[in-house]
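Oh and the sequence shown: position 173 is 231 in my numbering, straight run, nothing missing.
Every residue gets a Cβ at the ideal spot worked out from N, C-alpha and C, and that includes glycine.
None of these values were measured; they are calculated from a predicted model.
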Amino acid sequence: MTTATATAAATAVVPAAAAVAATATATATVDDPTSHRVLTGDRPTGPLHLGHYFGTLRNRVRLQDQGVEMFVVVADYQVITDRDLADRLAEHTENLVLDYLAAGLDPERATIFAHSAVPALHQLLLPFLSLVSVAELNRNPTVKDEIAHSSQSAVSGLMFTYPVHQAADILFCKADLVPVGQDQLPHLEVARTVARRFNERYPRTDGTAVFPRPQALLSDAPMLLGTDGGKMSKSRGNAVALGATADETARIIRGARTDADRRIGYDPAGRPEVSSLVLLAALCQDRAPEAVAEEIGDGGAAVLKRVVTESVNEHLRPLRARRAALAADRGHLRQVLRDGAERANAVADATLAEVREVMGAVI
Ligand code: TRP
């Protein structure tokens, strides 16, 4: 996202098409929280990091606390899009739930579930796939990027179709708001297209639409870079995990790339690595990045890294304390997933019944 939008309020509700052009109209809160249903989620491939936290996790908790109904999908089947094996899937799934709960998601209010535990959700994939052309699947920029970074020797069919699967994640519960990062906007466009085409092709007899057209809810936090200056990513080893210890945090930040200019400033375009560190400290301190940079002044990379490390460790202290307490009870994490699956299954079964009806299924 551009720095122009970085100064905007907490969250921005934007139609996905407008968001691609980064012309977000920002609002701090959603209007009429109880009229919305939010779905969002993550792949269980490893611990969540600071990019997830400032990018979407914090927004999810804010929305929940405003009273918005929330579904959070642990997208376990999506793990096998860009790798042959879903390695340590159960462990990663439980740890994802652990990160969610530590960050403040409340399983009493938010439905947290693994999508492999909800069969009716996957059954939506068939009619949805019929609504999208191969050319459209081929054009998806996020898929192209993932293919470029994939460790697989051959690109699987799932790689091209998973955005449609993700549309099923969103539409099974008729979510109208989807808090995501910038990289997910092309997928949201797929979900909007699928919803629109389904509604056109299969109108209800009373003329009403089966599916809402979901909107992206973009965080205003500009993209944090990884410590190597590239995209922050679980798999690239360039991120501070939420559950990292204070010492691990210090070590990772100490290794971050900076530049030779001792004067610390905030200039994301000209000095991306230094600016990303400044921004991270600023987000943790809830201050403007320019003020943080000004304070460090001529302190150079050493002072900058010390400030960032202290800010991160301070900000995450309560989250990490909650995480440690929750980690001791794996049974609880599994129970959260079971309860979530039960609720998600009831919703998915009802949606599938409606879909079959408008499609004219006999029984
Ligand atoms: N593709 C998302 C990611 O890699 C995870 C995801 C799966 C998702 N299904 C979703 C996100 C539905 C939002 C809505 O992070």
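Decide if residue i is buried, meaning its Cβ has at least 16 other Cβ atoms within 10 Å, or exposed.
i	result
V192	exposed
A404	exposed
M417	exposed
E247	buried
R95	buried
L182	buried
L184	exposed
T307	buried
D317	exposed
P347	buried
Q242	buried
R381	buried
D264	exposed
D227	buried
E352	exposed
A360	exposed
T169	buried
R321	exposed
A206	exposed
L216	exposed
S211	exposed
N21	Given that the chain is displayed from residue 59 to residue 421, the structure contains no residue 21 and the question cannot be resolved.
S93	exposed
G389	exposed
E152	buried
A79	Its pLDDT being 29, under 50, A79 is placed unreliably by the model, and the measurement read from it follows with that caveat. It is exposed - the Cβ of A79 has fewer than 16 other Cβ atoms within 10 Å.
R250	buried
R396	exposed
Under a three-way DSSP split, which group does residue i fall into?
i	result
R95	strand
E247	helix
S191	coil
M281	coil
I112	For the sequence presented, residue 112 should be read as Phe rather than Ile. Correct three-state label for F112: helix.
P261	coil
A404	helix
D100	strand
A327	coil
L377	helix
A267	coil
A383	helix
L275	strand
V88	coil
A399	helix
G287	coil
L391	helix
A419	coil
D164	coil
T81	Caution applies to T81, whose pLDDT of 26 falls short of 50 and renders its modelled position unreliable; the value that the coordinates give is listed next. Three-state result, T81: coil.
A68	Model confidence at A68 stands at a pLDDT of 36, short of 50, so the residue's coordinates are unreliable and nothing is read from them.
Measure the beta-carbon distance from residue i to residue j and round it to whole angstroms, keeping in mind my assumption that it falls under 8 Å.
i	j	result
Q224	H245	5 Å
V236	T98	6 Å
A427	H107	There is simply no residue 427 to check, as the chain begins at 59 and stops at 421 in what is shown.
P91	V126	5 Å
S174	D142	About 17 Å separates the two Cβ atoms, so there is no contact after all.
R118	L154	Their Cβ separation, rounded to whole angstroms, is 13 Å, which puts R118 and L154 out of contact at 8 Å.
R294	G284	6 Å
Y220	Q136	6 Å
L338	V370	7 Å
G109	L282	5 Å
V222	L187	5 Å
F112	L275	No, F112 and L275 are not in contact; Cβ-Cβ is about 14 Å, not under 8 Å.
L384	L159	5 Å
V176	A402	5 Å
L189	F269	At roughly 11 Å, the Cβ-Cβ gap does not stay under 8 Å, so L189 and F269 are not in contact.
P165	V394	4 Å
P280	P326	7 Å
Please tell me whether residue i has its Cβ less than 8 Å away from any Cβ of chain D.
i	result
R364	Looking at the structure shown, chain D is missing, and only one protein chain is on hand.
Between residue i and the ligand MG, is there a pair consisting of the residue's CB and a ligand heavy atom that are separated by less than 7 Å?
i	result
L283	Annotation note on the ligand MG: not contained in the displayed structure, which lists the ligand TRP as its ligands.
(request) Pull every residue with its beta-carbon under 6 Å away from any heavy atom of the ligand TRP, and keep them in chain order. (result) So the residues near the ligand TRP by this Cβ test are L97, T98, G99, D100, R101, V131, A133, Q136, Q224, D227, I228, V236, V238, Q242.
(request) Any chance you could list the alpha helix (DSSP H) runs of at least 4 consecutive residues sitting entirely within the region 166–239, in chain order? (result) Listed in chain order, they are 177–181, 183–187, 192–197, 199–207, 215–229.
(request) Run through the region 105–160 for me and flag every whole beta strand (DSSP E) of 3 or more residues, listed as ranges in chain order. (result) DSSP runs (the beta strand (DSSP E)) wholly in the region 105–160: 127–132.
(message) I'd like the ranges of any alpha helix (DSSP H) spanning at least 4 consecutive residues and lying wholly in the region 289–360.
(response) As for any alpha helix (DSSP H) of minimum length 4 sitting wholly inside the region 289–360, the runs are 304–312, 330–343, 347–354, ordered along the chain.
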